[in-house]
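Residues in the sequence shown are numbered from 17 upward in steps of one, following this note's numbering. Glycine included, each C-beta is placed from N, C-alpha and C at the ideal position. Just so you know, these numbers come straight off a predicted model, no measurement behind them.
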Amino acid sequence: MSKKLIMSVCTGVLALSAFALASSASAQWRVGGTNLTGTAKMVKKVIIHHKAEFAAAGVTITCVGNLEEVSSQIEAGDKASAQSLVFTGCSASEKCTVTETLGTVPVEATAALGVAPAVNVTVKPKTKTTFATIKFEGSECALLGTQTVTGTAKVLAPTGQTEKEVQLMEANTSAASGELKVGSSAALLRDSSLLILEIGLAWGFL
17 MSKKLIMSVC
27 TGVLALSAFA
37 LASSASAQWR
47 VGGTNLTGTA
57 KMVKKVIIHH
67 KAEFAAAGVT
77 ITCVGNLEEV
87 SSQIEAGDKA
97 SAQSLVFTGC
107 SASEKCTVTE
117 TLGTVPVEAT
127 AALGVAPAVN
137 VTVKPKTKTT
147 FATIKFEGSE
157 CALLGTQTVT
167 GTAKVLAPTG
177 QTEKEVQLME
187 ANTSAASGEL
197 KVGSSAALLR
207 DSSLLILEIG
217 LAWGFL
């Protein structure tokens, strides 16, 4: 084998190794063009693009008010958390009633790169298996009584791999996935919201 060919092969191997190392580098939250260290808090009141919907066993809860994220933040690396996600302006269908305000227990989230430029976020209860409890009232309500919400919720940030001051987040967990439940019934969750950091800088996951 000639020296030129050997050098060419070595160069190719080094290039592939460099590419592999670059590809294996973990994505992380970035704020203002630099990797996040510590935490960055979110604005508490979030604008909802359209009504949030949560449905199970033929009963749909619709929330048309703001989504309030209590002590919500992104954290260095791929994590995020909130003390509670509070939905307001809520009502139920199918002869059921619920309180106008519904909130979760403390939650945590993990981000992962999706199909560019999207980012996939998985949200789950921080220390328990229960997201929330909802009291359904109405003598003919199919979910009558206090029901637990368990499982995980999937959220998509369609342009999350690009740093932006305002990031769109779309929750779209289908009942067919079985990832989220009310009692023993599979649940659907749809919501769309805009998230902004308190410091007002552009942010993303890349």
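Quiz item: In chain order, what residues of the same chain have a beta carbon less than 6 Å from the beta carbon of W45, not counting five sequence neighbours either side?
Solution: L52, I90, F221
Exercise. Please report the Cβ distance between K95 and T126, rounded to the nearest whole angstrom; I am assuming they are in contact, meaning their Cβ atoms lie under 8 Å.
Key: 6 Å
Practice problem: Would you tell me roughly how many angstroms separate the C-alpha atoms of G161 and E153, rounded to the nearest one? | Solution: 6 Å
Exercise. Out of L184, Q177, A203, state which residue places its alpha-carbon closest to the alpha-carbon of Q163.
Key: A203
Practice problem: Grab me the residues of C157's own chain with a C-beta within less than 6 Å of its C-beta, minus the 5 sequence neighbours each way, in chain order. | Solution: K111, C112
Quiz prompt | Contacts around G199, its chain only, beta-carbon distance under 6 Å, and the 5 residues preceding and following it disregarded | solution = Q163
Quiz prompt | For F147, the nearest candidate out of A108, G49, T168, A92 (CA to CA) | solution = T168
Quiz item: Would S100 pass as a contact of V80 if the rule is Cβ separation under 8 Å?
Solution: no
Self-check item: Through-space distance from T175 to K151, alpha-carbon basis
Solution: 36 Å
Quiz item: Can you tell me whether DSSP reads S42 as helix, strand or coil?
Solution: coil
Self-check item: Residues that S12 bridges to, as DSSP identifies them
Solution: In this structure the chain extends from 17 to 222, so residue 12 is not present and cannot be described.
Practice problem: On a CA-only basis, which of V59, T76, S88 is nearest K67? Give me that one, please. | Solution: T76
Quiz item: What is the residue span of the beta strand (DSSP E) that K57 lies within?
Solution: 55 to 57
Exercise. Below 8 Å on the Cβ atoms is my guess for E181 versus K57; work out the distance and round it to an integer in Å.
Key: That pair is no contact at about 15 Å.
Quiz item: Which value, in whole angstroms, describes the spacing of the CA atoms of L129 and A192?
Solution: 23 Å
Quiz item: Does the Cβ-Cβ distance between S184 and L210 come in under 8 Å?
Solution: Before going further, note that residue 184 is Leu rather than Ser in the sequence given. Contact: yes.
Self-check item: Euclidean distance between Cα positions of G105 and K140
Solution: 23 Å
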